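Residue numbers (the numbering used here): 638 to 706. We put the CB at the ideal spot given by N, CA and C, even for glycine. No experiment lies behind these values; they were computed from the predicted model shown. What follows is one structure encoded as structure tokens, with my remarks underneath.
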């Protein structure tokens with residue numbers, strides 16, 4: 638059983654002004670509901686896999702535009 642213990646708060650990422658979160662290298666933990674600036678592929682507190690790409694088609698198109706530049 639996994640649960641959020643608040644360890645992820647140390648890695649909480651501020652929203653970038655000029656690019657999207659995923660293009661800036663931020664990842665999202667869907668379980669903890671937080672964006673983190675973290676190198677690993679699993680959340681540092683709940684050990685679940687972090688999301689590295691947006692889910693929606695519109696978000697994916699925006700991400701691709703920002704990363705191609």
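Which stretch, first to last residue, makes up the beta strand (DSSP E) that contains residue i?
i	result
residue 649	Residue 649 -> no beta strand (DSSP E), and no H or E assigned at all.
residue 665	664-666
residue 673	671-673
Excluding five sequence neighbours on each side, which residues of the same chain lie with their C-beta closer than 8 Å to the C-beta of residue i?
i	result
residue 687	664, 665, 666, 673, 675, 677, 678, 679 and 680
Could you give the first and the last residue of the continuous alpha helix (DSSP H) run that contains residue i?
i	result
residue 704	694-705
How should residue i be labelled, buried or exposed, when 16 other C-beta atoms within 10 angstroms of its C-beta is the threshold for buried?
i	result
residue 689	exposed
residue 640	exposed
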